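Residue numbers (this note's numbering), protein chains in the order written: chain A, 30 to 251; chain B, 30 to 251. We put the beta carbon where it would ideally sit given N, CA and C, even for glycine. Values in this document were obtained by computation on a predicted structure and should not be read as measured data. Structure first, then comments.
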DNA sequence: TCTGATTTTGAGCGATTGCTCAAACTCAGT
DNA sequence: ACTGAGTTTGAGCAATCGCTCAAAATCAGA
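This is the structure in structure tokens:
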């Protein structure tokens, strides 16, 4: 750090619009590169070709290839997170939440969205120092999962036994593992079957909870 | 395939013992390389240095670097699977099983055992064709998880709702995700907390099952 | 001791990588 | 038209990669 990097975002006035355009093009190129040729294949030249510009611009605008890839991760994460939040907001019950999770899982696999995230996570395994940076950019996902879990456990006695924060970690890990296994051999059937089964079980639990209500509807203080 | 690879394991008689020794040394070197410098850092020269031999021997004995890495994956998988099977055999109840899982998780992280597996899985993401081969070598783990799950669900009504095979896929995925997240930033605390919590919940479920028995202890046929 | 297959070696080839750099280009402000 | 900051370019450097190959070393069987 503190190296003599290229001056960035100085006094606006010159070809700033042009620069912003190529920066966006490079980020877009990095995203498609991560999806199609993976982390190891996402070299500066590969990305620049997809962006239709010179490979030296990667270093001029982002300082290094890894910085550009992290920017791509942030970009796709923010965009997808917004979509997912809306989907989860629309879900009213636990079974519907699980159905939402299934939808998200399948959509991501189709579009290669979380594939970018997986590529960065897996690529970080072999690049010292990158792991912490990727982990930091995973925080929004953790919070998203926690709020979803909190919503799913609302009014359930399970909430007393399993704190949402802890369970959310398991949800993120499980989701990640399912995506990883599915992308390994291209077989997403086991994961989808698991989602379906979980939804059925959640539905049964809901029925059971309705049959044996234990909310403090009129409990009051002793 | 069907390329003119080096003749291997021909008529035994010459320096076969010497060859077997270097093959073993290369596999061991590949394992430590995967642990310490990751998939991307495990080049033929890096592995050969650790094995104390010439890098050309990698290609002479294994044909390619990937073949050697797959051999390393098989080696460490088989060895660890044997240890884990014994641990799980010793566990008698579901809470004990979860405690075993926690032990396995922690031991692996300490020794870097499953790190080899994770490295190969993640590395395969960026190497076309390697994914299927790694997935094939994952089968024993799937079977192991399935037998463990089957044991944990024995005599539980959950077995009627969740087939062991489907649940096992989730267990493998969850385990993988937890290891991945833990190795990203080196923080295994959230995963350990989750194991502890799961064990407690399982213990409560066991008590509940004892209080409301629903086994066919004397059901008989109608 | 000699032979011949097997194993090991060191050099090297072609390709790719991240990154640098000086020169050329673009364009708003004067 | 001129200037100068900002942007883009193409060439190139040092390092590393997987892999090949001819020659040297090793060693069991004759």
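When we look at the beta-carbon of residue i and count the other beta-carbons within 10 Å, is it buried (16 or more) or exposed?
i, result
"residue 199(B)", "buried"
"residue 181(A)", "buried"
"residue 124(B)", "buried"
"residue 160(A)", "buried"
"residue 140(B)", "exposed"
"residue 183(B)", "exposed"
"residue 95(B)", "buried"
"residue 240(B)", "exposed"
"residue 103(A)", "exposed"
"residue 172(B)", "exposed"
"residue 56(B)", "buried"
"residue 169(A)", "exposed"
"residue 219(A)", "buried"
"residue 114(A)", "exposed"
"residue 233(A)", "exposed"
"residue 107(B)", "exposed"
"residue 227(B)", "buried"
"residue 112(A)", "exposed"
"residue 67(A)", "buried"
"residue 105(A)", "buried"
Determine whether the beta carbon atoms of residue i and residue j lie at a separation below 8 Å.
i, j, result
"residue 69(A)", "residue 152(A)", "yes"
"residue 147(A)", "residue 154(B)", "yes"
"residue 167(B)", "residue 178(B)", "no"
"residue 221(B)", "residue 131(B)", "yes"
"residue 190(A)", "residue 185(B)", "no"
"residue 86(A)", "residue 63(A)", "no"
"residue 61(A)", "residue 82(A)", "no"
"residue 231(B)", "residue 127(B)", "yes"
"residue 143(A)", "residue 208(A)", "yes"
"residue 77(A)", "residue 58(A)", "yes"
"residue 206(A)", "residue 174(B)", "no"
"residue 213(B)", "residue 164(A)", "yes"
"residue 84(A)", "residue 73(A)", "yes"
"residue 54(A)", "residue 80(A)", "yes"
"residue 224(A)", "residue 88(A)", "no"
"residue 138(A)", "residue 194(A)", "no"
Looking at chain A, is there any beta carbon in it that lies within less than 8 Å of the beta carbon of residue i?
i, result
"residue 161(B)", "yes"
"residue 118(B)", "no"
"residue 186(B)", "no"
"residue 232(B)", "no"
"residue 125(B)", "no"
"residue 195(B)", "yes"
"residue 223(B)", "yes"
"residue 53(B)", "no"
"residue 168(B)", "no"
"residue 22(B)", "Nothing about residue 22(B) can be reported from this structure: the residues present for chain B run from 30 to 251 only."
Residue i CB to nearest chain B CB: under 8 Å?
i, result
"residue 43(A)", "Any reading at residue 43(A) must be qualified, since the residue scores a pLDDT of 49, below 50, and its modelled position is unreliable; the value itself is stated next. False, the Cβ-Cβ gap to chain B never drops below 8 Å."
"residue 226(A)", "yes"
"residue 250(A)", "With a pLDDT of 43 at residue 250(A), under the threshold of 50, the predicted position of this residue should be treated as unreliable, though the coordinate-derived value follows. By this cut-off, residue 250(A) is not an interface position."
For a contact meaning CB atoms closer than 9 Å, what does residue i contact in chain B?
i, result
"residue 173(A)", "What residue 173(A) touches in chain B: nothing, since even the nearest Cβ is about 15 Å away."
At a CB-CB cut-off below 9 Å, which residues of chain A make contact with residue i?
i, result
"residue 154(B)", "67, 68, 69, 144, 147, 148, 151, 152, 209, 212, 213"
"residue 220(B)", "198, 199, 202"
Taking 7 Å as the cut-off, is the C-beta of residue i nearer than that to any heavy atom in the ligand MG?
i, result
"residue 113(A)", "In terms of ligand content, the structure shown is empty, and the ligand MG therefore cannot be addressed."
Can you name the residues of chain A whose CB is closer than 8 Å to the CB of residue i?
i, result
"residue 229(B)", "190"
Going along chain A in order, which residues have a C-beta closer than 7 Å to the C-beta of residue i?
i, result
"residue 164(B)", "213, 214"
Complete runs of the alpha helix (DSSP H) confined to the stretch 77-162 of chain A [at least 4 residues]: 85-91, 94-119, 123-140, 142-153
For the stretch 171-228 of chain B, list the alpha helix (DSSP H) runs that are entirely contained and at least 4 residues long, ordered along the chain. Runs found: 187-190, 193-214.
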